[in-house]
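Take a look at the structure set out below.
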Amino acid sequence: MLVTHFMEEAERLCDRLAVIDKGLVIALDTPAGLVEGTAVEQTIRFRPSAPFDDALLTSLPEVRKVRRQGSRVEVVGTGNLLHAVSSVLAVHQIVAADLRVEQASLDDAFVRLTGHEIQE
């Protein structure tokens, strides 16, 4: 049993976690399960090798929005977003160059579950 306020430590060392808020267990799961269960969004950023219509990605259930910043595309969504986006791009022979994925962390899940930041 490990008691810690450091989410990175808990994520690295624990197979199962209990999130306790005000003396009550509010969640119990694996670190990945807690992150996935809070439905925190992910962001994928890339430069496509060819132009495409945003509807190609916005039609996917995992995708919440698509934004463009110059030649870069930013896709925000939940679930298995990376697989869904990369599969559709591959089918249309579009390569995602400079691909970056920002996924939720255990800190994000804690904030979503408790409604407040971790106090140092």
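Residues 3 to 122 (this note's numbering) are what the sequence shown spells out, left to right. Cβ coordinates follow ideal geometry from the N, Cα and C atoms, glycine included.
Check: Would you say the segment 44-58 touches the segment 70-87, given that touching needs at least three Cβ pairs under 8 Å?
Finding: yes
Next item on the list: Quick one: which unbroken beta strand (DSSP E) runs of 3-plus residues sit fully inside the segment 9-76? Chain order, please.
Entry: 19-23, 26-31, 44-50, 65-71
Next item on the list: Could you tell me how far apart the beta carbons of V21 and L36 are, in whole angstroms, since I believe they sit closer than 8 Å?
Entry: One-based indexing of the sequence shown puts residue 21 at position 19. One-based indexing of the sequence shown puts residue 36 at position 34. Indeed they touch by this definition, with Cβ atoms about 7 Å apart.
Next item on the list: Figure out for me which residue from S51, S89, T40 has the closest Cα to the Cα of L59.
Entry: Here residue 59 corresponds to residue number 57 of the sequence shown, with the count starting at 1. Nearest C-alpha to L59: S89.
Item checked: Cβ neighbours of A12 in the same chain (closer than 8 Å, five flanking residues each side left out) -> Numbered from 1 along the sequence shown, position 10 holds the residue referred to as residue 12. Same-chain partners within the cutoff: L4, T6, L19, P33, L108.
Check: Would V65 be called buried (16 or more neighbouring beta carbons within 10 Å of its own) or exposed?
Finding: Counting from 1 along the sequence shown, the entry for residue 65 is found at position 63. Classification for V65: buried.
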